[in-house]
Structure formats: C-alpha cells, structure tokens
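In terms of my numbering, the sequence shown opens at residue 16 and continues consecutively.
For reference, the structure discussed in these notes is given below.
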Amino acid sequence: MAKKPSIQAPKGMNDILPAEQPYWLSIFDAARAMCSFYGFQKIDTPIVEHTALFKRAVGEATDIVEKEMYSFKTKGGDELTLRPEMTASVVRAYIEHGMQVWPQPVQLWYMGPQFRHENPQHGRYRQFHQFGTEMFGDDSSAADALCIFMGYSLLRELGLKNLVVKINSIGDDACRPNYIKALKDYYKNNSKKMCALCRERAKTNILRVLDCKESKCQELAAEAPQMIDYLDDACKKHFKGVIEFLDEAGVMYIMDSSLVRGLDYYNRTVFEIYAQESDGVTLKTALLGGGRYDGLVQEMGGPKTSAVGFGMGIERLIIVMKELGIKPAQSGSRPDTFVVQLGELAKKKSFLLFDELRRGGIHAKATLGRDNIKAQLRVAHKFGVTYALIIGQKEALDGTVILREMNSGAQETVPVEKIVRVLSDRLGRPLPPLED
Ligand code: HAM
Numbered sequence: 016m017a018k019k020p021s022i023q024a025p026k027g028m029n030d031i032l033p034a035e036q037p038y039w040l041s042i043f044d045a046a047r048a049m050c051s052f053y054g055f056q057k058i059d060t061p062i063v064e065h066t067a068l069f070k071r072a073v074g075e076a077t078d079i080v081e082k083e084m085y086s087f088k089t090k091g092g093d094e095l096t097l098r099p100e101m102t103a104s105v106v107r108a109y110i111e112h113g114m115q116v117w118p119q120p121v122q123l124w125y126m127g128p129q130f131r132h133e134n135p136q137h138g139r140y141r142q143f144h145q146f147g148t149e150m151f152g153d154d155s156s157a158a159d160a161l162c163i164f165m166g167y168s169l170l171r172e173l174g175l176k177n178l179v180v181k182i183n184s185i186g187d188d189a190c191r192p193n194y195i196k197a198l199k200d201y202y203k204n205n206s207k208k209m210c211a212l213c214r215e216r217a218k219t220n221i222l223r224v225l226d227c228k229e230s231k232c233q234e235l236a237a238e239a240p241q242m243i244d245y246l247d248d249a250c251k252k253h254f255k256g257v258i259e260f261l262d263e264a265g266v267m268y269i270m271d272s273s274l275v276r277g278l279d280y281y282n283r284t285v286f287e288i289y290a291q292e293s294d295g296v297t298l299k300t301a302l303l304g305g306g307r308y309d310g311l312v313q314e315m316g317g318p319k320t321s322a323v324g325f326g327m328g329i330e331r332l333i334i335v336m337k338e339l340g341i342k343p344a345q346s347g348s349r350p351d352t353f354v355v356q357l358g359e360l361a362k363k364k365s366f367l368l369f370d371e372l373r374r375g376g377i378h379a380k381a382t383l384g385r386d387n388i389k390a391q392l393r394v395a396h397k398f399g400v401t402y403a404l405i406i407g408q409k410e411a412l413d414g415t416v417i418l419r420e421m422n423s424g425a426q427e428t429v430p431v432e433k434i435v436r437v438l439s440d441r442l443g444r445p446l447p448p449l450e451d
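Okay, structure coming up:
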C-alpha cells in the first residue's frame, strides 16, 4: 500500500477527483437548467463573511453557531467565519444591493462549499457543498410549494424515485409564543425523562428538543403538544395552501410535527426531503432542507420581506445516487476519438484539428507529451475509442488526417475539413450542417 503523505487534506474535507466529476457536472447542469426554467438567477457570495452575520441570522443558540463555525480574526482585526450555510449570505447580499427595488419576487440560486466543524462521518463532512434557492418577496403558499416541487423534481430527474418530503408548519411570531409556552410546561413536567443535552437545550431553544435523536427524547416528543394545534388562522390557511399544491402535484409527503430544523430564522413552512432505504420504510439522511423565513431580511436591517428557500447537500446526493446504482447523465470520461500525432509539425497542427472536433461536438483526447506511435495507440486502446486520428508530417503538410479503425486497424485518409462529418457518420451521431 502507498505510504500516506505526511500532509493530508484536513479531516472531513475531501478532494473531488476526476472520476467523481461527472456526478458533480451532471448535478450542476440539471440544477442550472431547472433554475433557469423557473426564472431563478445565479448568485455567488464570498466564502467568508463577518462572524456577526451568522450569529444574528442563524441564531446564537443553534449547534451551528455554538459549536460548528470556523471563525478567525484577521491581521486587520476583522472577525470572520467560513460560511456554514448560504441563506444568511444571500440575505446580506439582498439588502446590500438594494434588491428590494428589483421586480419581485427576486429568485436566486447558488452552488458552492460550506464549512461546519462537525464530527465527520458518512454523509457528514466539514467541507460540503450545497445547491440552493432563495425566493424573496412572495408570501404565497405557492412559493413554498414551488420550492419543494423544484427540489423534489430535480432529485427525480437525477434518477431518485423513492422520495419522501417531511413537512411541518412552525407558525409565526403571532402564534408560536403560545405553543412555546405549552411546550415549556410539558418539558418542565417531564424534565427527568430528557437527555442531559435536551435539558440544556430547553433553556435556550425549546423547539430543538423536538428533533433530538435519543430514543427517550423521541418518545417524549411523540406525546408533546403539536404546533399544528396552535397555528392561528393565517398560518393554518398558509399551510393548508402548501399541502393542497403538493397534493395536486403528486408529491409524496409526511406531516411531521417534530420537524423544526436547526436554524433559528424559520417561520411557517419547514421541510426536508429524504430518499427511502430499499425496505421502503426507513429514510436515509436528509438530502435537502429548507423553509420560509419571513422575518430575516428585516432582522438583518432590510425592509420587511417574505422569503423561502432550500439547500440540497451534493455529497449526500452523490452517495445516494451511487447506492442506487444511478450513473451520472454526463459520463465525460470516455472520449469519442484519440488524436495520435507524430513529429513537431503534426503536434502543432493537431491544435487546429482539436478545435475542428470540439466545434463539431466530438470529444477527443491526446497525449501531446509522447511521440511514439505504438505508445499513443496503446493509450487510445485504454480509453476504449473506436476510431483514432493520426497526423504525421505528410498529413500535416497535406491538410489531411488518417482515420484508423482501432479493432481492425483499417485506415483511410480524410481531409481535415471533412473529418467531423465522417466521424459523426461513423459514430452514428447527427451530421453537423454543411458549411458553404
Ligand atoms: P441545512 O439543513 O443545514 O439547511 O442544510 C441543507 C442540506 O445540506 C442538508 O439537508 C444536507 O443535505 C446538507 N448538509 C448539511 N450539513 C452537512 C454536512 N456537514 N455534510 C454534508 N452535507 C450537509 C441550510 O443550510 C439552510 N440554509 C437551507 C435553506 C435555504 N433554508 C432556506 N433557504
């Protein structure tokens, strides 16, 4: 076994090697196409932000802010943090760039790395990537449903079939205080049955107690008062609207009163999407999570603005795709042809040939560092191409190329300007239009 290098990637942070890239590219392409169809525009924000942004937006009493942030002080004295999530950054950008005067709703999407100092395990990393959407300025149930539907449809398009949406409403500032009071009373009476961590959590953020994974806490949560019974008429109507959209769209969902999410900014609808295990009952880890956050823009210093969005974990999605044997749409690893070049002039001419092939949609490989024909043909075999293209000194001067059928070794000479049409024909591709 190869000796481990003394310096390795930081714990919980992974290289994404070429063999993995087709998954990433196919997810990016599908996400981009989906967002462009629904009118979402791409946004990129810095990977570091002022620490205060996450403290205020995500909440001081959350696991992310309490335990998981990579925070540091710069030489200039700024307190910065590697972003643990994107919603806070997008809200900051919305306010900073005055997006409230853009035509509403403002619909944005992003894909990029996030950092949380968690205990690394399968599907849980310290650097991970999210694809996400945020929609500002639309308070309708349809906006929440569209978010859920987009995430659900994207996962289905990528080949995941057995998906379950968990959904809940956590009310708003008008009705949640009554619920919090009922919950506090309930847990006060049952504090002996709670785990030690939940006893602490109950003091700062009682809602988090509901999604504790300890079995005794889950038993308690099952008997706890449910938010749904405390929703006021406006929140009830909003939630009913979301459910009706999902019913109409044929989205499979479960109402889960213990779903509260681990970030403080949510109100009304919260949701997560899971893939089912092969037993059709158990759920894998959440692929996507999101919800409505109507108070956040104002809380961060902007105008009162409703908002809703989700974040999808790309590493987790790829794990599930692999478990289900789903191949990425864009394999990218197998070229259509291999260009063998002999001599300096041929090497130089091969650049023009590459350009011709690229514009004709033919994916070609070469090893420009090698001159030996046998060695190059061996590499062509390894790539499994059916046809190789050979240019020597003579072909370089004549403006031709030799088309070699790899299995039989049969060869013919073709003018460079015709090679795309000839290859497309042999590869069974649609022929490119004839140029005058
Ligand atoms: P979140 O639930 O913290 O939400 O993360 C969203 C998704 O990111 C999770 O469902 C999971 O797939 C993935 N994820 C989270 N942590 C890790 C990790 N340590 N390793 C691998 N994957 C992970 C948010 O971040 C919200 N900003 C989502 C949102 C957008 N809400 C409204 N708009």
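Cβ coordinates follow ideal geometry from the N, Cα and C atoms, glycine included.
Output needed for Leu175: all residues of its chain with C-beta closer than 6 angstroms, excluding positions within five of it in sequence on either side, in chain order.
Ala290
Is any heavy atom of the ligand HAM found at a distance shorter than 6 angstroms from the C-beta of Gln145?
yes
Leaving aside the five residues before and after Asn134 along the sequence, list all residues of the same chain whose C-beta is less than 6 angstroms from its C-beta, in chain order.
none
Can you tell me whether Tyr368 is helix, strand or coil according to DSSP?
What sits at residue 368 in the sequence shown is Leu, not Tyr. DSSP places Leu368 in helix when its eight states are reduced to three.
Is the stretch 363–370 close to the stretch 396–415, with three or more CB pairs under 8 angstroms?
yes
Inspect the beta-carbon positions of Asp83 and His137 and report whether they are closer than 7 angstroms.
According to the sequence provided, residue 83 is Glu. The question's Asp does not apply to it. Their beta carbons are not under 7 angstroms apart, which means Glu83 does not touch His137 by this criterion.
Does at least one heavy atom of the ligand HAM sit under 6 angstroms from the Cβ of Leu169?
no
Thr60 beta carbon near the ligand HAM (any heavy atom closer than 6 angstroms):
no
Just to check my reading of the structure: Glu314 and Arg71 have Cβ atoms closer than 8 angstroms, yes? What is that Cβ distance to the nearest angstrom?
7 angstroms
Taking the alpha-carbon positions, what's the Met101 to Tyr245 distance?
30 angstroms
Which of helix, strand or coil does DSSP assign to His112?
coil
Does DSSP put Thr66 in a helix, in a strand, or in coil?
helix
Arg441 versus Ile377 - alpha carbon distance
12 angstroms
Beta bridge counterpart(s) of Arg419 as assigned by DSSP
Ala403 and Gln426
How many angstroms separate the CA atom of Phe260 from the CA atom of Ala160?
6 angstroms
So is Val116 buried or exposed if we call it buried at 16+ other beta carbons inside 10 Å?
exposed
Using a threshold of 7 angstroms, state whether the C-beta atoms of Gly317 and Ser156 are closer than that.
no
According to DSSP, what are the bridge partners of Tyr167?
Its beta-bridge partners do not exist; DSSP assigns none.
Give the straight-line distance between the Cα atoms of Gln56 and Glu338, rounded to the nearest whole angstrom.
32 angstroms
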